[in-house]
Amino acid sequence: IPVYAWKAVVSTQSTGVQRMVAEKIASEFFNQGDIERDKYGKAPMYMMDRSKRDELPKMQVDFIDNICMELYESLEKANPLFRPLLDGCLANRRNWLNQVERRTSFADISNANVTLTHSSVTTRIQAMQNQPEEECSAVEG
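Once you know that position 68 of the sequence shown is 65 in the numbering used here, the rest is easy, because the numbers rise by one and skip nothing.
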């Protein structure tokens, strides 16, 4: 559950941050799936199956649709001040859906050049070279 809560929070952040966290979590899931398959002889869950790694953008759209949207729509109904969170979630959904439509693979995402500076002021993300510049922005922390 903590991973899902973290992913839900991250779904409202900039595209670069959301992409980086999704890639890191997917890698952990795939590692867990490898252990389940290799050590226990069990087929891993869909989201933990490394052979499905090229479907990460679709998995992200599904997660946003099935978990995040309901959460942020409910928060926004309770208090309109939560609208920026819903807007961020919608923006990330559009980005992942574009990747689904372009058939962007996990390899393309994991080859992103990501640099994190641990600072309470700024986290910098430098994303894939072919990503539009407006998607590569500093995030105030």
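No residue lacks a Cβ here, since even glycine has one placed at the ideal position from N, Cα and C.
When the Cα atoms are used, what is the spatial distance from A40 to K49?
As a working mapping, residue 40 is identified with position 43 in the sequence shown. As a working mapping, residue 49 is identified with position 52 in the sequence shown. Cα to Cα, A40 sits roughly 12 Å from K49.
Is G13 buried or exposed, if buried means 16 or more other CB atoms sit within 10 Å of its CB?
As a first step, residue 13 is located in the sequence shown; it is residue number 16 there, counting from the start. Burial call: buried.
With DSSP collapsed to three states, give me the class of K39.
Along the sequence shown, read from residue 1 onward, the residue named residue 39 stands at position 42. Correct three-state label for K39: coil.
When we look at the beta-carbon of M17 and count the other beta-carbons within 10 Å, is it buried (16 or more) or exposed?
Taking the sequence shown and counting its residues from 1, one reaches residue 17 at position 20. Buried, by the Cβ-count rule.
If I measure Cβ to Cβ from F26 and keep anything under 7 Å in the same chain, skipping five residues before and after, which residues do I get?
Locating residue 26 in the sequence shown gives position 29, counting from the first residue. Only M44 and M45 meet the Cβ criterion.
If we count the other Cβ atoms within 10 Å of its Cβ and call it buried at 16 or more, is A19 buried or exposed?
As a first step, residue 19 must be located in the sequence shown, where it is residue number 22. So A19 ends up on the buried side.
Limits of the alpha helix (DSSP H) - the one that E73 falls within:
Position 76 of the sequence shown, counted from the first residue, corresponds to residue 73. Per DSSP, E73 belongs to the alpha helix (DSSP H) from M66 to A75.
State the DSSP-derived secondary structure class of S48, mapped to helix, strand or coil.
Along the sequence shown, one-based indexing puts residue 48 at 51. Here S48 sits in helix by DSSP.
For R16, which three-state DSSP category applies?
As a first step, residue 16 must be located in the sequence shown, where it is residue number 19. Correct three-state label for R16: helix.
With contact counted as at least three CB pairs below 8 Å, one residue from each stretch, are the stretch 81 to 95 and the stretch 62 to 70 in contact?
yes
Local conformation of R100 per DSSP, three classes
The residue labelled residue 100 in the question sits at position 103 within the sequence shown. Here R100 sits in coil by DSSP.
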